[in-house]
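Novice:
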Amino acid sequence: MVNSASVENIMSSTGLLEAGLLLASFVLCSLIGFERQFRQKAAGYRTHVLVGIGTCAFTLISAYGFAGVLENDVRLDPSRISAQIVSGIGFLGAGVIFKGRNMVRGLTTAATIWVTAAVGMACGAGMLPLATMLTALHLFTLFVIAPLIRKIPNSDHRKLLRITYRDGAGVLREILALAGRMGFANTIVDSRRFESPDETRMVQVDVRFDGSGLCTCSSPRSWN
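Every letter in the sequence shown is one number past the one before it in the UniProt record's numbering, and letter 80, counting from 1, is 80.
#1: Which value, in whole angstroms, describes the spacing of the CA atoms of Gly180 and Arg158?
#2: Between the region 113-130 and the region 46-66, do at least 3 Cβ pairs fall closer than 8 Å?
#3: Alpha carbon to alpha carbon, what distance is there between Leu28 and Gln37?
#4: Is the separation between the beta-carbon of Asn186 and that of Leu178 shorter than 8 Å?
#5: Span of the alpha helix (DSSP H) holding Ala83?
#6: Please confirm whether Ala57 and Ile85 have their CB atoms less than 8 Å apart.
#7: Who are the Cβ neighbours of Met1 in its own chain at under 8 Å, not counting the five residues just before and after it?
#8: Strictly by DSSP, which residues pair up with Ser191?
#9: Determine, using beta-carbon pairs with one atom in the region 15-27 and one in the region 79-95, whether at least three such pairs fall under 8 Å.
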């Protein structure tokens with residue numbers, strides 16, 4: 001049941017301000033979520049939007065939600081709820097980080113969730129210029145800076161290769177031996193066996209090669 005006080009609060013300038021800040025959080029966090037959804041990450045559009053508007057709502061509640069119950073001798077620290085938001089987002093970010101076979105994935109998505117929470121909190125605190133600039137810097141980092149970093153020459157190389165060969169042919173052993181002579185360390189990330197359409201047993205292996213690639217072999221080899 002909606003009482004008259006609630007309706008009055010909605011129609012007041014404070015209520016309209018809160019709605020506007022929540023809408024701003026929705027728009028800014030949508031931009032962040034679209035980028036993660038476009039890259040088909042574990043946490044996509046919905047997760048980031050919900051994190052953003054949720055943290056914005058919690059910040060608004062901590063700032064305006066208890067004014068009606070406070071007395072003159074009661075002091076409220078709005079930062080306490082914000083501190084709990086930061087702690088809670090840590091658990092959500094940890095849920096999108098995956099580690100296996102010496103590889104860690106999801107760190108960027110976890111960091112993006114942290115940024116989304118910060119955008120939502122900034123909107124809830126009425127700091128729209130900060131929230132807008134934070135969103136712009138986030139998108140600039142992922143769309144502009146990240147591709148440039150990948151083009152920086154590096155003496156060390158890291159490649160993830162998928163090798164498919166007939167089971168029992170010994171191809172993987174020869175490839176790993178050649179890579180070792182060329183100066184690459186290798187890590188088998190994943191492997192599986194399957195049957196080809198002609199019922200030949202095949203093996204598919206994902207191998208990560210790390211190193212400087214200083215070739216010490218006399219000539220390249222090829223496998224059929």
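Glycine residues also receive a C-beta, built at the ideal position from the N, C-alpha and C atoms.
Specialist: The answer reads as follows:
#1: Numbered from 1 along the sequence shown, position 180 holds the residue referred to as residue 180. Numbered from 1 along the sequence shown, position 158 holds the residue referred to as residue 158. Each residue's Cα considered, the two are about 14 Å apart.
#2: yes
#3: Here residue 37 refers to the residue found at position 37 of the sequence shown. Here residue 28 refers to the residue found at position 28 of the sequence shown. Cα-Cα distance, rounded: 15 Å.
#4: One-based indexing of the sequence shown puts residue 186 at position 186. One-based indexing of the sequence shown puts residue 178 at position 178. Cβ distance not < 8 Å, so Asn186 and Leu178 don't count as in contact.
#5: Here residue 83 corresponds to residue number 83 of the sequence shown, with the count starting at 1. Unbroken alpha helix (DSSP H) run through Ala83: Ser79 to Ala94.
#6: In the sequence shown, residue 57 corresponds to position 57, counting from 1. In the sequence shown, residue 85 corresponds to position 85, counting from 1. The answer is no: Cβ separation not under 8 Å.
#7: Here residue 1 is taken as the residue at index 1 of the sequence shown, counted from 1. In this prediction, Met1 has a pLDDT of 44, which is less than 50 and means its spatial position is unreliable; nothing more can be read from the coordinates.
#8: Working through the sequence shown from its first residue, we reach residue 191 at position 191. Beta-bridge pairing links Ser191 to Val205.
#9: no
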